[in-house]
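Residue numbers (our numbering): 213 to 516. Glycine included, each C-beta is placed from N, C-alpha and C at the ideal position.
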């Protein structure tokens, strides 16, 4: 390595990289300082020193806060990678000292969290009591983004819209169904095509959810729009809205079976091919995950 390159690496302060990432994520020096428990003036000085070291402005200041310059975007990508690698190194070394122990960071979609993960994670923890699982629930698109950025060891989500450069492994499959009041005319049907529901008012999930995205694409392919009456953030709220006459809705069949006591409702399977979905495990590289995370991945794969 050239001498100047070695000097450059010695001048980079890891703490400053962490502070820079915090500022980019918060969009504000003040909010980042509060999150990282450091004075805003001290954080601002660290950023100025970092810009001087790199010889390029990293942040653009505006009335609502800050956002990274093109050079800052590049640094943000590399800083996240460096910090992620250091965190993984610490976890791996800790496992050598304490055996099969550690912390696994998992981000999962609503469908995976409601339908499958409680039982699967419970069984894993009973067999590996030294491993702690930090689970966060997000939309599938957000799960993929977080895993790509290294903020989670791996994710569990629907990948119908693609997983980018992430590796995938199969986990479970689910079937989408139309939820209607038990007195509704469609409640007597054994199945229904999504096209036959478009004349009805719908109770939908968040507009960026994988289910609503699939519904919107299917409607567009038919040259129609969804008559969306209300949007909710959870499946239990959807059931309550449908029970109270606000429309019909689409959700996974197993999720409905687990919460069907919410009102007097009926599930009618959708016949459309997109209604049969695959839920997959996603990671940047499964082979380089910490041992604790690999144990969990192997456990989840065993449920196929």
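{"Check": "Three-way DSSP call (helix, strand, coil) for residue 320 in this model", "Outcome": "strand"}
{"Check": "Cβ-Cβ distance between residue 262 and residue 283 below 7 Å", "Outcome": "no"}
{"Check": "Same chain, Cβ closer than 8 Å to residue 465, five either side skipped, listed in chain order", "Outcome": "386, 387, 388, 389, 479 and 481"}
{"Check": "Extent of the continuous alpha helix (DSSP H) run through residue 377", "Outcome": "That residue, residue 377, is in no alpha helix (DSSP H); it is neither H nor E in DSSP."}
{"Check": "Per-residue burial, residue 350 [other beta carbons within 10 Å of its own, 16 or more giving buried]", "Outcome": "buried"}
{"Check": "Straight-line gap, residue 236 to residue 394 (C-alpha atoms, nearest Å)", "Outcome": "49 Å"}
{"Check": "For residue 311, three-class secondary structure by DSSP", "Outcome": "A caution first: residue 311 carries a pLDDT of 45, below 50, which makes its placement in the model too unreliable to give a value."}
{"Check": "Segment limits, alpha helix (DSSP H) that includes residue 425", "Outcome": "422-433"}
{"Check": "Three-state class that DSSP yields for residue 386 in the structure shown", "Outcome": "strand"}
{"Check": "Residue 320 versus residue 444: straight-line alpha-carbon distance, rounded", "Outcome": "18 Å"}
{"Check": "7 Å Cβ cutoff met for residue 462 and residue 423", "Outcome": "yes"}
{"Check": "Which of helix, strand or coil DSSP assigns to residue 505", "Outcome": "helix"}
{"Check": "Whole runs of the beta strand (DSSP E) within the segment 446-492, excluding any shorter than 3 residues", "Outcome": "461-464 and 477-481"}
{"Check": "Residue 352 and residue 370 closer than 7 Å at C-beta", "Outcome": "yes"}
{"Check": "8 Å CB neighbourhood of residue 231 in its chain, flanking five on each side removed", "Outcome": "244, 248, 250, 255, 258 and 259"}
{"Check": "As assigned by DSSP and simplified to three states, the class of residue 404", "Outcome": "strand"}
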